[in-house]
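J.:
Residue numbers (the numbering used here): 95 to 285.
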């Protein structure tokens, strides 16, 4: 399916809707009925951990990004925190674009450094600056492109090549860009 078709139909499959809805309805329930509180059951439990509305959005986002999965969060900072806490550990080093959203920099400098993560900021418009900042404990490269607030652009493909050479995770925050154009390479074979 083309991008526009995925944008309209992904996550909106009528056969998955209880009543055949063509557009996924907003589910306002905060809790869902369960037969047992002692045994794990399939389905939804509490809206914050999952609900039909969010699942539809996540399926749509995954389709638009050509990804296997999509995750929706209440804020960008919640998503960023989850990425860092899920993929890194104390002592890991992150190379980040020097022009990042202020909330992201505060998260890195005021919160994540307390958990033992290390951050180096570089002007990622030149991929060689990223390469030169790599340390033995570098586990992640964090880009925003275009950046907020100065709208600097990074060469995602060139930086992905650098990351893949060293088996470093590449995170690309494209909040300002639509998912239509940026498609970061996932493996060195896709570059």
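No residue lacks a Cβ here, since even glycine has one placed at the ideal position from N, Cα and C.
Predicted model, so just to flag it, every value in this text is computed and none were measured.
Between 103, 145 and 188, which lies nearest to residue 127 when the distance is taken from Cα to Cα?
T.: Looking at the Cα atoms, 145 is the closest of the given residues.
J.: I need the boundaries of the beta strand (DSSP E) containing residue 151, first residue and last residue.
T.: Looking at the DSSP string, residue 151 is not in any beta strand (DSSP E); the run it does join, the alpha helix (DSSP H), is 146-158.
J.: Using 8 Å as the threshold, is the segment 149-163 in touch with the segment 178-185, meaning 3 or more CB pairs across them?
T.: Flag = no, the segment 149-163 and the segment 178-185 do not touch.
J.: Quick check: the segment 262-274 against the segment 208-220, are at least 3 beta-carbon pairs closer than 8 Å?
T.: Not touching, per the Cβ criterion.
J.: DSSP puts residue 206 in a beta bridge; with which residues?
T.: Paired residues: none, contrary to the question.
J.: If we ignore side chains and look at the alpha-carbon of each, how far apart do residue 147 and residue 118 end up?
T.: Residue 147 and residue 118: Cα-Cα distance of roughly 7 Å.
J.: Determine the burial state of residue 232: buried for a count of at least 16 other Cβ atoms within 10 Å of its Cβ, exposed for fewer.
T.: Under this definition residue 232 is a buried residue.
J.: Taking the CB atoms as reference points, tell me whether residue 237 and residue 206 lie closer together than 8 Å.
T.: Their beta carbons are not under 8 Å apart, which means residue 237 does not touch residue 206 by this criterion.
J.: Who are the Cβ neighbours of residue 248 in its own chain at under 7 Å, not counting the five residues just before and after it?
T.: Cβ neighbours of residue 248 beyond the five flanking positions: 191, 218, 219, 237 and 239.
J.: With burial defined as no fewer than 16 other Cβ atoms inside 10 Å of the residue's Cβ, what is the status of residue 174: buried or exposed?
T.: Label assigned to residue 174: buried.
J.: How about residue 153 and residue 105: are their beta carbons less than 8 Å apart?
T.: Yes; because the gap between Cβ atoms is below 8 Å, this pair is in contact.
J.: If you count every other CB in all the chains shown that lies within 10 Å of the CB of residue 198, and 16 or more means buried, which is it?
T.: Buried, by the Cβ-count rule.
J.: Can you have a look at residue 124 and say buried or exposed, based on whether 16 or more other CB atoms are within 10 angstroms of its CB?
T.: Counting Cβ neighbours within 10 Å, residue 124 comes out exposed, since fewer than 16 surround it.
J.: Assuming the contact rule is C-beta atoms closer than 8 Å, residue 189 and residue 235 should be a hit. Round their C-beta distance to whole Å, please.
T.: At roughly 5 Å, the Cβ-Cβ gap stays under 8 Å, so residue 189 and residue 235 are in contact.
J.: In angstroms, rounded to a whole number, what distance separates the CA positions of residue 257 and residue 212?
T.: One C-alpha to the other measures close to 17 Å.
J.: For residue 233, report the span of its alpha helix (DSSP H) as first-last.
T.: That residue, residue 233, is in no alpha helix (DSSP H); its beta strand (DSSP E) goes 232-238.
J.: For residue 171, report the span of its beta strand (DSSP E) as first-last.
T.: Unbroken run through residue 171 is the alpha helix (DSSP H), 170-181; no beta strand (DSSP E).
J.: Tell me whether residue 269, by its Cβ, gets closer than 7 Å to a heavy atom of the ligand ADP.
T.: The ligand ADP is not among the ligands present in this structure, which contains no ligands whatsoever.
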